[in-house]
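FYI, in mature numbering (1 follows the signal peptide of the UniProt record, and there is no 0) the residues of the sequence shown are -16 to -1, 1 to 104. Everything below concerns the one structure shown next.
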Amino acid sequence: MKLIVLVLCVTALAYAEDKYEDIEDNFNLQELLENDRLLTGYIKCLLNKGPCTPEVKKIKEKLPEALATNCAKCTDKQKQMGKVLVKQVKKAHPELWDELKNLYDPQGKYQKEFQQFLSD
């Protein structure tokens, strides 16, 4: 019985380590979406054109890996928030979206998988 509990604990720990750190509970997605100045500031951070908040800096550090792995280590909440944000940026700031694509996927090698991710 102790062996089963130990195996379950190790499995749970391994699974937890395979995911990115949870998003802060105080992160207000709706506020970000309703505040164009704040959204633009976050995008400029990702584009290396402006200062970064600690939250966006964490995202920026993980973004290349997340793109390369189709967000394999993202939690469900992170995936959902990412989809909402991407759709808003594409709609409200298509020129900044193009800059983000050019910076993080200059050869376009992630586009097919990324479009699939957005449609799921």
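A virtual CB, placed ideally from N, CA and C, is assigned to each residue, including glycine.
- Distance check between L102 and each of Q62, L23, E83, C36 places Q62 closest, using alpha-carbon atoms only.
- Around the beta carbon of L23, 16 or more other beta carbons sit within 10 angstroms, so the residue counts as buried.
- The C-alpha of K3 lies about 6 Å from the C-alpha of C58.
- P48 sits in a helix when the DSSP states are folded into three classes.
- DSSP places A76 inside the alpha helix (DSSP H), whose first and last residues are 60 to 76.
- By the Cβ-count criterion, A56 is exposed, with fewer than 16 other Cβ atoms from all chains shown falling within 10 Å of its own Cβ.
- Pairwise C-beta distances place the region 38 to 51 in contact with the region 88 to 98, as three or more of them are shorter than 8 Å.
- Rounded to the nearest whole angstrom, the C-alpha separation of L47 and L31 is 12 Å.
- A direct Cα-Cα distance of roughly 17 Å separates M65 from H77.
- When C29, Q99, K33 are compared, the shortest CA-CA separation from I43 is found for C29.
- For the options D20, E15, L84, the alpha carbon positioned closest to that of K33 is the one of L84.
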